[in-house]
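According to my numbering, the sequence shown is numbered sequentially starting from 3. Note that beta-carbon positions come from the ideal geometry of N, C-alpha and C, so glycine has one too. Keep in mind it's a predicted model, so treat the numbers as computed, not measured. So the structure is just underneath, and the comments pick up after that.
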Amino acid sequence: MTHTAPNRRRFQQLLALAPLAAWLAHRPASAHGDPHAKGGANAPVVKEQKPWGIAADPKEANRSIQIRMSDNMRFTPSHLDVREGETLRLRAVNRGKLLHEIVIGTPEELRAHAEMMKKHPGMEHDEPYMAHVPAGQRSDITWTFNRAGDFEFACLLPGHFDAGMRGTIRVTPLA
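This is the structure we're talking about:
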């Protein structure tokens, strides 16, 4: 079989994409931030301790806080005060026309994740500390803040984080 120049170029392009295809084929299927993507609404919550806390079942929430997101790349409110051990239902409401997300983490982890999202904008993942919220929709994160400290929440979609779509969380220790 002989390759003409355009066919050879196309073959080389496809060959260059092989590592990405292999990576996509071996990662778990999920919907970015949809806690019910893997097993429906009754799927058990995956509880993995993180520096900023641990996932909780929605029935465990002590209080709810609505966090509005908009296309001006801001969250309202942009700061949360939480007591150590408190379980919150964070209801992210997207009032914009663009897709947004909310991800909880340390400033360092969020910055690193935002950089990864720039390199892989279609990246999908499903963690209980993140919610992907289409325009006009809402999504909940239920989280127990069992570690004192200063944490953040952000939209890590390419361009949103750099535009300042971030907020802070101060978890005060129990006295």
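Measure the Cβ-Cβ separation of Pro136 and Val47 and say whether it is below 8 Å.
Residue mapping note: residue 136 aligns to position 134 of the sequence shown, counting from 1. Residue mapping note: residue 47 aligns to position 45 of the sequence shown, counting from 1. For Pro136 and Val47, no; Cβs fall outside 8 Å.
Short of 6 Å in beta carbon distance, which residues of its chain neighbour Pro160, apart from the five on each side in sequence? Order them along the chain.
To locate residue 160, count along the sequence shown from 1; it is residue 158. Within the same chain, Met119, Lys120 and Pro123 come within 6 Å of Pro160 by CB-CB distance, once the 5 residues on both sides are set aside.
Here's the rule: buried if 16 or more other CB atoms are within 10 angstroms of the residue's CB, otherwise exposed. What is Glu110?
Taking the sequence shown and counting its residues from 1, the one referred to as residue 110 is at position 108. Counting Cβ neighbours within 10 Å, Glu110 comes out exposed, since fewer than 16 surround it.
Whole angstroms is fine: what's the gap from Thr170's alpha carbon to Leu158's?
Here residue 170 refers to the residue found at position 168 when the sequence shown is read from its first residue. Here residue 158 refers to the residue found at position 156 when the sequence shown is read from its first residue. Approximately 14 Å, taken between the alpha carbons.
What span of residues does the alpha helix (DSSP H) with Leu112 cover, start to end?
Your numbering for residue 112 matches position 110 in the sequence shown. Pro109 to Lys121 is the span of the alpha helix (DSSP H), which, as asked, contains Leu112.
Could you check where the beta strand (DSSP E) with Gly166 kicks off and where it finishes?
As a position in the sequence shown, residue 166 is number 164, starting the count at 1. Gly166 -> no beta strand (DSSP E), and no H or E assigned at all.
If we ignore side chains and look at the alpha-carbon of each, how far apart do Phe153 and Ile106 end up?
By 1-based counting over the sequence shown, the position of residue 153 is 151. By 1-based counting over the sequence shown, the position of residue 106 is 104. The alpha-carbon atoms of Phe153 and Ile106 are separated by roughly 7 Å.
Indicate whether Thr89 and Thr144 have their beta-carbon atoms separated by less than 8 Å.
Taking the sequence shown and counting its residues from 1, one reaches residue 89 at position 87. Taking the sequence shown and counting its residues from 1, one reaches residue 144 at position 142. Yes.
Contacts around Thr67, its chain only, beta-carbon distance under 8 Å, and the 5 residues preceding and following it disregarded:
Within the sequence shown, the letter at position 65 stands for residue 67. For the record, residue 67 in the displayed sequence is Ile; it is not Thr. The residues are Pro79, Leu82, Leu90, Arg91, Leu92 and Arg93.
Presumed contact (8 Å Cβ cut-off) between Ala248 and Leu112, rounded CB distance:
Here the chain comprises residues numbered 3 to 177, so residue 248 is not present and cannot be evaluated.
Secondary structure of Lys61, DSSP reduced to three states
One-based indexing of the sequence shown puts residue 61 at position 59. Here DSSP, grouped into helix, strand and coil, assigns Lys61 to helix.
Just to confirm, are Arg76 and Met167 a CB contact at a threshold of 8 Å?
Position 74 of the sequence shown holds residue 76. Position 165 of the sequence shown holds residue 167. In this structure, Met167 lies closer than 8 Å to Arg76 by Cβ.
Excluding the 5 residues preceding and the 5 following Ala58 in the sequence, name in chain order all residues of the same chain whose CB lies nearer than 8 Å to its CB.
Reading the sequence shown from its first residue, position 56 is the one you call residue 58. Here the set comprises Val47, Lys49, Thr89, Thr144, Trp145 and Thr146.
Check each candidate in Asp142, Ala165 and Phe163 and name the one with the smallest Cα separation from Pro60.
Position 58 of the sequence shown, counted from the start, is the residue given in the question as residue 60. Answer by Cα proximity: Asp142.
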